[in-house]
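Protein chains in written order, with our numbering: chain A, 1 to 379; chain B, 1001 to 1123.
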Amino acid sequence: MPVFNRHAMQPVPNLDEQARQDFVSSLRAHLSGRLMPGAYKVYENRVEPGFRAANGRPPHDHDEVRKAMTQDPFYQFWSAMQRRSQELLWESVIDPTERQLSKLIETSKAITRNAGGAGRGTLRLDPSLPLPRYHAAVDIHLQPGGYHTEFAEDDVAAGVVYDKGINLYMGGALGAENNLMGDILLAYLREKHPDFRPKKILDLGCAIGNSSVVWARAFPEAEVYGVDVAAPVLRYAHARAEALGVPVHFSQQNAERTDFAEASFDLVLSHIVLHETSKSALPRILGECHRLLSVEGLMLHLEIPRGKSIIEKFMHNWESYNNNETFSRFMTGIDLKAEAIKGHFAPERIVVDEFAPKLDVAQMNYAENFFWKILAARR
Amino acid sequence: MNDPMNKLTTQARLARVAKGKRPQYFSDPATDKLLSMTMTLMEELSVTRERLDALERLLASKQVVARNELEGWTADAEANAERAAARAAYVERMMRAMHAELDEITRRGSPQTDIDPLDAVGS
């Protein structure tokens, strides 16, 4: 059963709901850990030899691999089951959330009632903020309603569902507070810039603030801000952080252009966010990072590797074609350094790194030999 | 499934189907639906077995019902009605793939689930 810190902002599942979540967890562990490696074997032993026999050459690129693999009966069945497991995952979390939503909204209001005082966080919403098309055109990761749909007044449902959903998504490997992404980027900072002591930190596309909280815990003397375009996840993020006793200042803003003053942060971050944006938004977000950073300030973006061989590239794009991770497949061909230059960073101050942090056993099931991609730049 | 808390005690209803065109995995779309239903069935069977297991352990530990006594039990009218309602909700979950298709058809004209995810970010 995945480890999860069931704080005040999480619903209590009943017996059957708990059993559904446990089933989804077991199912996904099997699909990812046992059957997904089979897709690589099927490629090596059946699909690639079949392609050679038919064309007199191996496939040129991951698009050719995709055309061949999507005809393979093993791949088809695994892929269809992987898709269905993602749908079941959300359903298993939505049921208890819907049942207890009014109580969760009341809890959220009670927790945040006296926010803003010493040692407390804040929340600033902007109902007039337009949702970017890349965010709202489809529901990212198949979460019904996405991050942004409001089902009730003062709604927190999207955040409640997302928090437990991503915990199940990696069978608890994200940690009891879904802290793994923040931990990885923090480990990178400590390894590469051990003396860096940020005073003001901004987490872009923070969603439920699970990574923002990691940074606020790591640098208690720093002020931590988080922005996202979606109100219900921010309401939840605020209540969650307050429930955990960690001060974070959340606001509803588009990372392409925020209302923060120029040079007002010394550390600007994002955690697996860039691949959810778009070709035009990406350089604008990096340009905004440049504007927001003070001299010698640091920008760090954690990204998912896109694979080295053509079969890896194809498999890494599964989420793009099957899990509404719309932009991620375009990231395969994108040069992050060139994008950062478009965002006005000096070429010699940009690094695109691969980083493999030490992982625990649960994480290894999902991330063995997994090199995370990090875009780092100094102002 | 017999939990009375499951009967609509909140006014808000959350969405159960994500916006965005669902890929077709097999040459016959019926196969896609059958697989979806089979996996829900797998899930519900697992849920039921765990519930039954919990109950049998509880009863045995309290020395109320020995495990072999369950075999001779029959439902009365009230239990039958509750079990019928629970079965209806169960079938509803099983048929989600069909309802999703109906939703897609009835929403046509106000584009919702027929948006191609990749078109949204290609430019």
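From the three backbone atoms N, C-alpha and C, an ideal C-beta is built for every residue, glycine too.
*Cβ of B:Leu1041 within 9 Å of any chain A Cβ*: Within the second sequence, residue 1041 of chain B is the residue found at index 41, counting from 1. Not an interface residue.
*asked:* If the criterion is Cβ atoms closer than 9 Å, does the pair A:Gly307 and A:Arg379 meet it?
replied: As a working note, residue 307 of chain A is residue 307 in the first sequence. As a working note, residue 379 of chain A is residue 379 in the first sequence. The answer is no: Cβ separation not under 9 Å.
*Is the CB of A:Arg28 under 9 Å away from at least one CB in chain B?*
Start at 1 with the first residue of the first sequence, and residue 28 of chain A comes out as number 28. Not one beta carbon of chain B lies nearer than 9 Å to the beta carbon of A:Arg28.
*The alpha helix (DSSP H) spanning A:Phe23 covers which residue range?*
The sequence position of residue 23 of chain A within the first sequence is 23, counting from 1. Where A:Phe23 is concerned, the enclosing alpha helix (DSSP H) stretches over 15-30.
_Please report the straight-line C-alpha distance between B:Ala1086 and B:Lys1033, rounded to a whole angstrom._
The count along the second sequence starts at 1 and reaches residue 1086 of chain B at position 86. The count along the second sequence starts at 1 and reaches residue 1033 of chain B at position 33. Approximately 23 Å, taken between the alpha carbons.
*For A:Pro127 and A:Gln252, the rounded distance between their alpha carbons*: Taking the first sequence and counting its residues from 1, one reaches residue 252 of chain A at position 252. Taking the first sequence and counting its residues from 1, one reaches residue 127 of chain A at position 127. When rounded, the distance between both Cα atoms is 8 Å.
_Neighbourhood of A:Arg46 by C-beta, 7 Å cutoff - its chain only, sequence neighbours within 5 removed_ = Working through the first sequence from its first residue, we reach residue 46 of chain A at position 46. Once the five neighbours on either side are set aside, the close Cβ partners of A:Arg46 are Asp72.
*Within this structure, are the beta carbons of B:Arg1067 and A:Leu15 separated by less than 9 Å?*
Reading the second sequence from its first residue, position 67 is the one you call residue 1067 of chain B. Reading the first sequence from its first residue, position 15 is the one you call residue 15 of chain A. Between B:Arg1067 and A:Leu15, the C-beta gap is not smaller than 9 Å, which leaves the two residues out of contact.
*Can you tell me whether B:Val1064 is buried or exposed, with buried defined as 16 or more other CB within 10 angstroms of its CB?*
In the second sequence, the residue the question calls residue 1064 of chain B occupies position 64. It is exposed - the Cβ of B:Val1064 has fewer than 16 other Cβ atoms within 10 Å.
_Count Cβ pairs between the segment 201-208 of chain A and the segment 77-84 of chain A that sit closer than 8 Å; are there 3 or more?_
The answer is no - the segment 77-84 of chain A does not touch the segment 201-208 of chain A, with fewer than three Cβ pairs under 8 Å.
*What are the start and end residues of the alpha helix (DSSP H) that includes B:Asp1053?*
Start at 1 with the first residue of the second sequence, and residue 1053 of chain B comes out as number 53. Per DSSP, B:Asp1053 belongs to the alpha helix (DSSP H) from 1029-1061.
_Restricting to Cα atoms, I'd like to know which of A:Gly172, A:Glu325, A:Asn317 is closest to A:Arg66._
As a working mapping, residue 66 of chain A is identified with position 66 in the first sequence. Its Cα nearest to that of A:Arg66, the residue A:Asn317 stands out among A:Gly172, A:Glu325, A:Asn317.
*asked:* According to DSSP, simplified to helix, strand and coil, what is A:Met299?
replied: Taking the first residue of the first sequence as 1, we reach residue 299 of chain A at position 299. In the structure shown, A:Met299 sits in a strand (DSSP, three-state: E or B).
*Taking the continuous beta strand (DSSP E) assigned at A:Ser270, which residues delimit it?*
Counting from one through the first sequence, the residue named residue 270 of chain A turns up at place 270. It spans 265-271 - the beta strand (DSSP E) in which A:Ser270 sits, taken as one unbroken run.
*Report back the beta-carbon spacing between A:Ala263 and A:Leu300 to the nearest angstrom; my notes put them in contact at under 8 Å.*
Along the first sequence, one-based indexing puts residue 263 of chain A at 263. Along the first sequence, one-based indexing puts residue 300 of chain A at 300. Wrong, their Cβ atoms sit about 17 Å apart, outside the cutoff.
*Residues that DSSP places opposite A:Gly226 in a beta bridge*: The residue labelled residue 226 of chain A in the question sits at position 226 within the first sequence. Per DSSP, the beta-bridge partners of A:Gly226 are A:Asp203, A:Phe250.
*Secondary structure at A:Ile311, three-state DSSP: helix, strand or coil?*
Counting from one through the first sequence, the residue named residue 311 of chain A turns up at place 311. Here A:Ile311 sits in helix by DSSP.
*Can A:Tyr236 and A:Met9 be called in contact, C-beta distance under 9 Å?*
Taking the first sequence and counting its residues from 1, one reaches residue 236 of chain A at position 236. Taking the first sequence and counting its residues from 1, one reaches residue 9 of chain A at position 9. In this structure, A:Met9 lies closer than 9 Å to A:Tyr236 by Cβ.
*asked:* With a threshold of 9 Å between beta carbons, is A:Asp195 in contact with chain B?
replied: Here the question's residue 195 of chain A lines up with position 195 in the first sequence. Interface flag for A:Asp195 against chain B is unset, since no Cβ pair is found closer than 9 Å.
*Mind listing, in chain order, the continuous alpha helix (DSSP H) runs of no fewer than 4 residues lying wholly within the segment 323-348 of chain A?*
Segments of the alpha helix (DSSP H) lying fully in the segment 323-348 of chain A: 328-331, 336-342.
*Measure from the alpha carbon of A:Pro194 to the alpha carbon of each residue in A:Val214, A:Phe219, A:Met181, then state which is nearest.*
Counting from one through the first sequence, the residue named residue 194 of chain A turns up at place 194. Residue A:Phe219 is the option with its Cα nearest to A:Pro194.
*Note down, in chain order, each residue of its chain lying with its Cβ closer than 7 Å to the Cβ of A:Ala255, except the 5 sequence neighbours on either side.*
One-based indexing of the first sequence puts residue 255 of chain A at position 255. Excluding residues up to 5 positions away in sequence, Leu204, Gly205, Val227, Ile285, Glu288 lie with their Cβ nearer than 7 Å to the Cβ of A:Ala255 in the same chain.
_Closer than 9 Å to chain A by CB, B:Lys1019_ = Along the second sequence, one-based indexing puts residue 1019 of chain B at 19. Chain A contact via Cβ: present.
_Quick check: is the beta carbon of A:Phe77 nearer than 9 Å to any beta carbon in chain B?_
Numbered from its first residue, the first sequence carries residue 77 of chain A at position 77. Answer yes: the Cβ-Cβ gap between A:Phe77 and chain B drops below 9 Å somewhere.
*Every unbroken beta strand (DSSP E) inside the segment 77-142 of chain A [3 residues or more]*: At a cut-off of 3 residues, the continuous stretches assigned as beta strand (DSSP E) that sit fully inside the segment 77-142 of chain A are 122-124.
*asked:* Please list, in chain order, the residues of the segment 1043-1072 of chain B that have any C-beta partner in chain A closer than 7 Å.
replied: Answer in chain order: Glu1043, Ser1046, Val1047, Glu1050, Arg1051, Ala1054.
*Compute the distance between the beta-carbons of A:Leu274 and A:Met331, then report whether it is under 9 Å.*
Counting from one through the first sequence, the residue named residue 274 of chain A turns up at place 274. Counting from one through the first sequence, the residue named residue 331 of chain A turns up at place 331. Result yes, Cβ atoms of A:Leu274 and A:Met331 sit closer than 9 Å.
*asked:* Quick test of your reading: A:Leu129 and A:Ile201, contact by CB under 8 Å. State the CB separation rounded to the nearest angstrom.
replied: Your numbering for residue 129 of chain A matches position 129 in the first sequence. Your numbering for residue 201 of chain A matches position 201 in the first sequence. With 8 Å as the limit, A:Leu129 and A:Ile201 do not qualify as a contact, their Cβ atoms being about 22 Å apart.
*Is it right to say A:Tyr40 is buried, meaning 16 or more other beta carbons lie within 10 angstroms of its own, or is it exposed?*
What you label residue 40 of chain A is simply residue 40 of the first sequence in a count that begins at 1. Flag for A:Tyr40 reads exposed.
*So A:Val160 packs on A:Leu104, CB below 8 Å; how close in whole Å?*
The count along the first sequence starts at 1 and reaches residue 160 of chain A at position 160. The count along the first sequence starts at 1 and reaches residue 104 of chain A at position 104. The beta carbons of A:Val160 and A:Leu104 sit about 6 Å from each other, so the pair counts as a contact at 8 Å.
*Alpha carbon to alpha carbon, how far is A:Ser92 from A:Met170?*
Position 92 of the first sequence holds residue 92 of chain A. Position 170 of the first sequence holds residue 170 of chain A. Cα to Cα, A:Ser92 sits roughly 15 Å from A:Met170.
*Please go through the same chain and pick out, in chain order, the residues whose beta-carbon is closer than 6 Å to the beta-carbon of A:Thr107, but skip the five residues on each side of it.*
As a working mapping, residue 107 of chain A is identified with position 107 in the first sequence. Within the same chain, A:Thr107 has close Cβ partners Ala8.
*Taking Cβ to Cβ, would you say A:Ile111 is nearer than 9 Å to A:Ala230?*
For the purposes of this step, residue 111 of chain A is taken as residue 111 along the first sequence, with counting starting at 1. For the purposes of this step, residue 230 of chain A is taken as residue 230 along the first sequence, with counting starting at 1. The answer is no: Cβ separation not under 9 Å.
*Use the C-beta contact count for A:Leu267: other C-beta atoms within 10 angstroms, 16 or more gives buried, fewer gives exposed.*
Within the first sequence, residue 267 of chain A is the residue found at index 267, counting from 1. By the neighbour-count rule (16 or more Cβ atoms within 10 Å), A:Leu267 is buried.
*May I ask you to list the residues that DSSP assigns as paired with A:Arg378?*
Counting from 1 along the first sequence, the entry for residue 378 of chain A is found at position 378. For A:Arg378, which the question treats as bridged, DSSP gives the partners A:Leu298.
*Report all residues from its chain with a CB closer than 7 Å to the CB of A:Asp353; omit the five preceding and five following residues, and keep chain order.*
Reading the first sequence from its first residue, position 353 is the one you call residue 353 of chain A. For A:Asp353, where only same-chain residues beyond five positions count, the Cβ hits under 7 Å are Ile374, Ala376.
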